[in-house]
Amino acid sequence: MRIRLTSSADHAADLVAHEILTQLQTKPNLVLGLATGSTPIGVYKRLVDAYQTGVASFAKIHTFNLDEYLDLPATHPQSYRFFMQHYLFDAIDIPAAHIHFPPSEGKHLLRRCQRYEMDMQGLGGIDIQLLGIGSNGHIGFNEPTSSLRSRTRIKTLTPKTLQDNARFYASDETQPTLAATMGIGTILDARTILLQAFGQKKAEAVRATVEGPISSYCPGSALQFHEDVTLFLDSEAASLLSMRDYYQQTQMHEEQLRREDRL
Ligand code: PGA
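Under our numbering, the first residue of the sequence shown is numbered 4, with each subsequent residue one higher.
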């Protein structure tokens, strides 16, 4: 795992957006796996800026979102489709037909989850998967004890996740307890994974993900199996890592070798 100790969430967003925009230059039909929540907003702002200043076009990309609450319509302000329209899709030139979400309404959900996977594979698989991480170590809505080989399916949310997300719901609003989510196996199929984590409340999940044993109890730890995953952390999220100096040294060495054009 590559650990990037960044000076702030803004710095991390600069680096992640730069990586996406660089890959977009060589592959205009990039397939992006996208995340919601507070963590990726800075990256989306930078992608919107790149489009609005004429630096990038997203007309040929396809996107697959990680997850969606069951039975929240796209018009509901807490639905992840609404979030994505607001923070990214409405402000760039992606065609509506190129936007993909796991099925979250209607019948035959599992069959349609398999279709979602087939659509992804039909487009050549996900090039870059953006991730956040839950304070309980979940990635997507793969809650603790999710199968490490799981595919897109329906999951029951844990009390911890419901509590973390309760802030988005008014007291008289019903918070969904079920979601459709890409599986851990689905996420691990992405060619490149870029995970951002900010703030003290993520520190334990980050420690377990990077330095803990691989365990379904911390779904993030499955990323140790992936060959191209980078974690972009602010100092609080990195605060419980025991090998911070080593990660910094590794980063310096990589930058130096790149400067010398030796990688
Ligand atoms: P957050 O959520 O970005 O709002 O912290 C991350 C997650 O739960 O995966």
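Backbone N, C-alpha and C define an ideal beta-carbon position, used for all residues, glycine too. These numbers were taken from a predicted model, which means no experiment stands behind them.
Around the Cβ of residue 84, a 10 Å sphere holds 16 or more other Cβ atoms; the residue is buried. Here residue 193 really is in contact with residue 36; their C-beta atoms are around 6 Å apart, less than 8 Å. The beta carbon of residue 245 sits no closer than 6 Å to any heavy atom of ligand 1. Listed in chain order, the alpha helix (DSSP H) runs fully inside the stretch 35-94 are 44-55, 83-90, counting runs of at least 4 residues. In this structure, residue 127 and residue 155 do not form a Cβ contact; the two beta carbons are roughly 17 Å apart against a cut-off of 8 Å. Residue 212: member of the alpha helix (DSSP H) spanning 206-214, first to last residue.
Here residue 243 has 206, 207, 209, 210 as same chain residues with Cβ atoms under 8 Å from its own Cβ, once five neighbours each way along the sequence are excluded. Taking 7 Å as the cut-off, the beta carbon of residue 215 is found no closer than this to the beta carbon of residue 239.
Under the criterion of beta carbons closer than 8 Å, residue 66 and residue 235 do not qualify as touching, at roughly 20 Å.
In this structure, residue 105 sits near residue 183, with a CB-CB distance shorter than 7 Å. Linking residue 108 to residue 144 through their CA atoms gives a straight-line distance of about 17 Å. In this structure, the straight-line span from the alpha carbon of residue 31 to that of residue 59 is close to 9 Å. Taking 8 Å as the upper bound for CB-CB distance, residue 199 and residue 19 are in contact here, some 6 Å apart.
Annotation for residue 41 indicates a beta carbon within 6 Å of some heavy atom of ligand 1. Straight-line measurement puts the Cα of residue 254 at about 35 Å from the Cα of residue 88. Counting only the Cα atoms, residue 147 lies some 15 Å from residue 167. Secondary structure of residue 224 (DSSP, three-state): helix. Scanning its chain for C-beta atoms nearer than 7 Å, with the 5 sequence neighbours on each side dropped, one finds around residue 26 the residues 33, 130, 131, in chain order.
Residue 135 has its CB nearer than 6 Å to a heavy atom of ligand 1.
A straight line joining the alpha-carbon of residue 230 with that of residue 249 spans about 19 Å.
Counting C-beta atoms within 10 angstroms of its own C-beta, residue 7 has 16 or more neighbours from the protein chains shown and is therefore classed as buried. Following the DSSP letters along the chain, one finds residue 254 inside the alpha helix (DSSP H) bounded by residues 247-262.
Boundaries of the alpha helix (DSSP H) around residue 163: 162-168. Judged by DSSP in its simplified three-state form, residue 193 adopts coil rather than helix or strand. Around residue 179, the same chain offers 72, 73, 74, 75 as residues with beta carbons nearer than 7 Å, after the five sequence neighbours per side are excluded.
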